[in-house]
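Okay, so here's the structure we're looking at.
4 protein chains.
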Amino acid sequence: MIIVLKENPDQKQLNNLTDWLKGMGLDIHWSKGESTTIMGLVGDTTKVDMALIEALDIVERVARIQEPFKNANRKFHPLDTVIDIGGAKIGGGHFQVIAGPCSVESTEQICGVAVDVKAAGAGLLRGGAFKPRTSPYAFQGLRAKGIEMLEAAKEASGLPIVTEVMDINHLPLFENVDVIQVGARNMQNFELLKELGTMDKPILLKRGLANTLEEFLMSAEYIMAGGNEKVILCERGIRTFERATRNTLDLSAVPYLKKQTHLPVIVDPSHATGIAALVRPMALAATAAGADGLMIEVHNDPAHALSDGAQSLKPEEFSDLMGAVKAIRPYSHQYHKGQ
Amino acid sequence: MIIVLKENPDQKQLNNLTDWLKGMGLDIHWSKGESTTIMGLVGDTTKVDMALIEALDIVERVARIQEPFKNANRKFHPLDTVIDIGGAKIGGGHFQVIAGPCSVESTEQICGVAVDVKAAGAGLLRGGAFKPRTSPYAFQGLRAKGIEMLEAAKEASGLPIVTEVMDINHLPLFENVDVIQVGARNMQNFELLKELGTMDKPILLKRGLANTLEEFLMSAEYIMAGGNEKVILCERGIRTFERATRNTLDLSAVPYLKKQTHLPVIVDPSHATGIAALVRPMALAATAAGADGLMIEVHNDPAHALSDGAQSLKPEEFSDLMGAVKAIRPYSHQYHKGQ
Amino acid sequence: MIIVLKENPDQKQLNNLTDWLKGMGLDIHWSKGESTTIMGLVGDTTKVDMALIEALDIVERVARIQEPFKNANRKFHPLDTVIDIGGAKIGGGHFQVIAGPCSVESTEQICGVAVDVKAAGAGLLRGGAFKPRTSPYAFQGLRAKGIEMLEAAKEASGLPIVTEVMDINHLPLFENVDVIQVGARNMQNFELLKELGTMDKPILLKRGLANTLEEFLMSAEYIMAGGNEKVILCERGIRTFERATRNTLDLSAVPYLKKQTHLPVIVDPSHATGIAALVRPMALAATAAGADGLMIEVHNDPAHALSDGAQSLKPEEFSDLMGAVKAIRPYSHQYHKGQ
Amino acid sequence: MIIVLKENPDQKQLNNLTDWLKGMGLDIHWSKGESTTIMGLVGDTTKVDMALIEALDIVERVARIQEPFKNANRKFHPLDTVIDIGGAKIGGGHFQVIAGPCSVESTEQICGVAVDVKAAGAGLLRGGAFKPRTSPYAFQGLRAKGIEMLEAAKEASGLPIVTEVMDINHLPLFENVDVIQVGARNMQNFELLKELGTMDKPILLKRGLANTLEEFLMSAEYIMAGGNEKVILCERGIRTFERATRNTLDLSAVPYLKKQTHLPVIVDPSHATGIAALVRPMALAATAAGADGLMIEVHNDPAHALSDGAQSLKPEEFSDLMGAVKAIRPYSHQYHKGQ
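Residue numbers (our numbering), protein chains in the order written: chain A, 1 to 339; chain B, 340 to 678; chain C, 679 to 1017; chain D, 1018 to 1356.
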């Protein structure tokens, strides 16, 4: 970290600053020019609050040189993390597709989808039991019962299951869940992240709607700082001015994150676009960009037209997509080869 | 709600749709033109999921006519809500300033600030005990001890206290807290909102960084749907491309929200701008725009230079600001007079 | 277009509205419910100003059913437009890569790059002669001389040339330019668009930094309304809160635009990301998503280290990329097959 | 400007960089630590392209210490610029309201509004002759005839006139226009800015929809670098995810700009919000925040209901607003007093 001081700084305030920095175990490397004095901080600067320093009267500017995350940082962990989920590996060249309905609705529904998506090549089953909804009057998910149905589908299909947690107090219900998902709205629910950091279970962390990639990595760092290093990052679209799609899928996040971190990075084109016709092209694009996996909404109940969400694929569309993904995978961008 | 159908819709799918809508207790008013058929839904459409309907093959477009919130809606509750916080009233012409430090650091600090801001005219004391921080390595607040210190400051000054909750499990600690604050990152922590809806305590709900005003009102609706109607809305800046300020303070939110809802609306210029020099002009602007109150960061420890955050005012600056706010209040925009 | 009236509208104002609409040649289809009256407008509503109507006291809401663009609309022109640029075809299954340096610097430089990128498989040569720069003190391009150098490179390599125009008055210099580029900052320079609409030359229209896809298509419509139907759309990133990349590449724009319009859609990953290491993965992603071409910055002067911009590829990197693009093309999403 | 080098930089590339920097007339102040080497650039760094340097393999990070604008910079010109427009002064404590219709429609209309707004206290008349419209099929303004009508209104009322230019070639028509407005979409039409820099006429420069405040000041710098120092900055809302208002009015821009520059700063609440009911509160807020003036849309033709745009005030509403603005002015934030 570099601190650029204003001209003729107040000496007492400067002493306060240097004492405080040294108290944090940092060495200071001074560089005094004609009009500008620069302090270079040497040591672990992850605990240093940039905004606090920049607010001081004597400080002109502060610039960070090192990333504020450690456990998630590829510089310190150059090899890809590979996460094994009941035999389904992700990361380090292993590619997985997580598929299933938006909401778990019944045992028949979720078991049916599970069998269908497994046949098409999916490696994990997804399904929402706890549903974050903008309106208190909208369907909030089957909750505990939904998780039981997911467990039945796991038994019926052999697929590991992924489902979202919305509150620390629900975690006991997730004992047989293979991957706990943190939704976009909870990416900075720091108490939840800390609790997940104490568990020995893979966490699928979705990027928040308005969170930078650095903040995304810092939330992974929250989980990893607690000891749980099994974090899967998921880009699912950010909020911008564009209204044609529900969110704006930021696919540059894939190669950018792969460069910064050793964690697996997957993409959810269903929630990102909110339009079924865009899921296939964006899934292929994510694969080509070097994602380690995909998360795709699939529904299997053509008779029940109304539960067929705007962004869900039918099983046959999903199967067709899986074929295209497999065809494109060998030609996709690979971090180690391409950079 | 209006549903515009595509030309020649599949009759079976249309029957499914009409049955489903009628099953929700809605009446349908048909309007068939040459090429376009329009369904007008009459009844309580708050439970109807627009996205679900818009996803149907037979549907061209869906438009909502009524707001999806009821308890928070001024149409149904034309009179301003007035919330009484231990004698300090807010809303309906009552204006309150909530002031105090970003973080509670010690009993001396918080009691000192409390006395100072009360003398300057503040009606409530704020101070962070639980601190949401982007980095797991940054100071996370004094937590339970911080709340105890706030309680001491309440006793010393007589000011009601406002502090942020980050997790449902911490709520027992908030028994003597007068107003529970929900931070921007928790605006859509729906489980927390539901729990707060069961309490008999005023809730200060901050707008999320990337949340629309409609979503803001829907989160208030979550709390109110549970029976707790004491919700104070707080605009604190949204995330945009601009980097000169930490966030972009959306002051239009004040008159817009006042038009849509009967709840009090306040503004936090400290967090919105992140720059002490901008707090005063934005506090005056918020007052002129018709806000029901302000939330201002004030620090009182000039000797301890480093704890003086970028966005905090010194007590004398705060006192000066209070004078200017009082001068401008009589000429501010008032909902009932101005509209 | 549908107009929903408020309850008990003022009759005189309603007469004004209906007269005005009929004066524009529109038929009105009335639908009167208990509390809501809906006016359905039949005819060419492209000239109707929605905002104007929505502002009326008697109007509750206005919803557009048809897109406001005609010439660019795939509904009216289902077949892909194929544009022939001196033998290089783009659109309708024809894929082209436009490559070259950010700025034209010298005849040697541009001719060298031209030969290199042609050898690697590029179909067109790009190079900036007029450079839009944020600072008046930055290099503004070689202007007229730069275009002469591009013409020399065209002769040397046989590649058609693409370069940006910044002002109507410069157009006479573009006589031998094969494709005139409209930069992001000029996407809504309507006078320029109108002038380009009178020309018989392909126009490469870049999306503005803060423009929706609908506005993008409306700007294409400006050119086409003047009679010039040779418009190539180029997604080049939009401005969001994210700071890791220069802009946020909105790849969903590719399949969305392909669905809405018959015009060719290409992607510029160099300007979108601003980071050389992200160009290759995003170029592959764009190809997989079904783009009709790419625009890539390539530099050929390794000795002159400083002119090697952050986002430019070296010729060997570009050649490698072209190989990967060709490998991925057969498996990419195709509008007619996939939708 | 500070350049932080990577560890063990390639010596040849480093020599290239130092030679290039010295060639630009800059002195380099070296600071070599254990692992980090920092280059401090002394001299006029406004011409140095940060992105270019940051792209070099040997560079870790670049940080600017000084603002890239000079003529507009308050550091070098501490006193407020006062611009005299035919007797109406703006800046340096002088406050002006510019009022009038969105579009000039007829001589009667514009003369009528002129007389009305003058009576209410407006100092300048606005009216659109050239209209930037998203759709080529929408009304494009009366153009040359509109300017003639404005001139008639100027004669009738004595008010100086402000109107927007859309293209360099139209400038001869602006001879009798008192203030030339550059619209948001042309804020970075650099050729136009350069041309305006050669004129001796006040320029009202509107902020672009997606432009940062630094870019805004750089566009003012374009005009001033040509010799024309009469630039008025106008905040008119930026584009964000929020849909309740047309744009998001960024009022923090007022005190931020006043701190950075000596130029007058005004606010246009009509275009920013797009909703008549929000114009008054936002006009008062802008005044309180320390703006040097306002730009307000006013219409005077109650009989012709349809031309009454969503964001225009009626003359009596405007007159009422002027009274409130005058009442609030004495208590508004003032740069010199408040900072």
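Virtual Cβ for every residue (Gly too), placed ideally from N, Cα, C.
Thinking C-beta only, is residue 654 of chain B closer than 8 Å to residue 637 of chain B?
Cβ atoms of residue 637 of chain B and residue 654 of chain B: closer than 8 Å.
Which residues, in order along the region 570-591 of chain B, keep a beta-carbon less than 8 Å from a beta-carbon of chain D?
Against chain D - using a Cβ distance shorter than 8 Å - the residues of the region 570-591 of chain B are 577, 579, 580, 581, 582, 583, 584, 587, 588, 589, 590 and 591.
I need the DSSP call for residue 804 of chain C, collapsed to helix, strand or coil.
Note: residue 804 of chain C maps to strand in three-state DSSP.
Would you kindly work out how many angstroms separate the C-alpha atoms of residue 1131 of chain D and residue 1257 of chain D, rounded to a whole number?
Whole-angstrom Cα-Cα distance: 34 Å.
Residues in its own chain within less than 7 Å of residue 1089 of chain D by CB, not counting five upstream and five downstream?
Correct list, in chain order: 1234, 1237, 1238, 1241, 1278 and 1280.
Thinking residue 1266 of chain D and residue 591 of chain B are a contact (beta carbons under 8 Å), I'd like their distance in whole angstroms, please.
A Cβ-Cβ distance of about 5 Å is found for the pair residue 1266 of chain D and residue 591 of chain B, placing them in contact under the 8 Å criterion.
Please state if the CB of residue 549 of chain B and the CB of residue 209 of chain A are separated by a distance shorter than 8 Å.
Their beta carbons are under 8 Å apart, which means residue 209 of chain A touches residue 549 of chain B by this criterion.
Within 7 Å of chain A by C-beta, residues of the region 384-418 of chain B in sequence order
Listed in sequence order: 385, 386, 388, 390, 391, 393, 394, 395 and 407.
Rounded to a whole number of angstroms, what is the C-alpha to C-alpha distance between residue 55 of chain A and residue 31 of chain A?
C-alpha separation (whole angstroms): 21 Å.
Closer than 8 Å at the beta carbon, the chain A residues around residue 1057 of chain D:
Within chain A, the C-beta atoms nearer than 8 Å to that of residue 1057 of chain D come from 31, 33, 36 and 38, in chain order.
Does residue 166 of chain A have its Cβ less than 8 Å from a Cβ in chain B?
At least one CB atom of chain B sits nearer than 8 Å to the CB of residue 166 of chain A.
Spatial neighbours of residue 1157 of chain D in its chain, beta-carbon cut-off 7 Å, leaving aside the 5 residues before and after:
Once the five neighbours on either side are set aside, the close Cβ partners of residue 1157 of chain D are 1148 and 1150.
Over what stretch of residues does the beta strand (DSSP E) that includes residue 1311 of chain D continue unbroken?
That run of the beta strand (DSSP E) goes 1310-1314.
Neighbour list for residue 218 of chain A in chain B, Cβ cutoff strictly below 8 Å
Going along chain B in sequence order, the residues near residue 218 of chain A (Cβ under 8 Å) are 473, 474 and 475.
Euclidean distance between Cα positions of residue 1324 of chain D and residue 1292 of chain D:
The predicted model places residue 1324 of chain D with a pLDDT of 47, which falls under 50 and marks its position as unreliable; any figure quoted below should be read in that light. Spanning the two alpha carbons is a distance of roughly 15 Å.
Neighbourhood of residue 427 of chain B by C-beta distance below 7 Å, restricted to the same chain and skipping five residues each side:
Counting only Cβ-Cβ distances below 7 Å, and skipping sequence neighbours, we find 435, 462, 463 and 499.
Can you list, in chain order, the residues of the region 680-693 of chain C whose Cβ is nearer than 9 Å to any Cβ on chain B?
If the cut-off is 9 Å between Cβ atoms, the region 680-693 of chain C has 680 and 682 near chain B.
Element boundaries [beta strand (DSSP E), containing residue 1056 of chain D]
Per DSSP, residue 1056 of chain D belongs to the beta strand (DSSP E) from 1054-1059.
Beta-carbon of residue 1034 of chain D versus every beta-carbon of chain B: anything under 8 Å?
So no, residue 1034 of chain D is outside the interface.
C-alpha distance - residue 1126 of chain D paired with residue 1312 of chain D, whole-angstrom precision
Residue 1312 of chain D has its alpha-carbon roughly 18 Å from the corresponding atom of residue 1126 of chain D.
Looking at the C-beta of residue 1271 of chain D, does it have a partner C-beta in chain B at a distance below 8 Å?
Chain B contact via Cβ: present.
According to DSSP, which residues form a beta bridge with residue 1047 of chain D?
Beta bridge pairing from DSSP links residue 1047 of chain D with D:1056.
What do you get for residue 876 of chain C, buried or exposed, if any count of 16 or more other CB atoms within 10 angstroms of its CB means buried?
Residue 876 of chain C should be labelled exposed.
Neighbouring residues, chain C, relative to residue 1226 of chain D (Cβ below 8 Å):
For residue 1226 of chain D, the C-beta contacts it makes with chain C under 8 Å involve 888, in order along the chain.
At a Cβ threshold of 8 Å, is residue 948 of chain C touching chain A?
Closer than 8 Å to the CB of residue 948 of chain C there is not a single CB belonging to chain A.
Please list the partners that residue 289 of chain A has in chain C, where partner means a Cβ-to-Cβ separation under 7 Å.
Under the 7 Å cutoff, chain C gives 959, 960, 962 and 963.
From the beta carbon of residue 229 of chain A, is the nearest beta carbon of chain B less than 8 Å away?
Under the Cβ criterion of 8 Å, residue 229 of chain A is not counted among the residues facing chain B.
With which residues is residue 94 of chain A paired in a DSSP beta bridge?
Its beta-bridge partners are A:91.
Would you mind listing the beta strand (DSSP E) stretches within the region 1282-1308 of chain D that are 3+ residues and don't spill past its ends, in chain order?
Listed in chain order, they are 1282-1284.
Quick one: which chain A residues come within Cβ less than 8 Å of residue 527 of chain B?
Per Cβ cutoff of 8 Å: 132, 134 and 185.
Min CB distance residue 667 of chain B to chain D below 8 Å:
Yes - at least one Cβ of chain D is within 8 Å of the one on residue 667 of chain B.
Helix, strand or coil for residue 696 of chain C? Go by DSSP, reduced to three states.
Residue state, collapsed to three classes: helix.
Out of C:754, C:753 and C:772, point me to the one whose CA is closest to residue 761 of chain C's CA.
Here the closest residue by C-alpha is C:772.
Does the beta carbon of residue 332 of chain A come closer than 8 Å to any beta carbon on chain C?
Yes, residue 332 of chain A counts as interfacial toward chain C.
Segment limits, alpha helix (DSSP H) that includes residue 418 of chain B:
Premise fails: residue 418 of chain B is in no alpha helix (DSSP H) and is neither H nor E.
So residue 519 of chain B and residue 571 of chain B are in contact, right, with Cβ under 8 Å, and what is the actual spacing, rounded?
Rounded to whole angstroms, the Cβ separation of residue 519 of chain B and residue 571 of chain B is 10 Å, and the two are not in contact under 8 Å.
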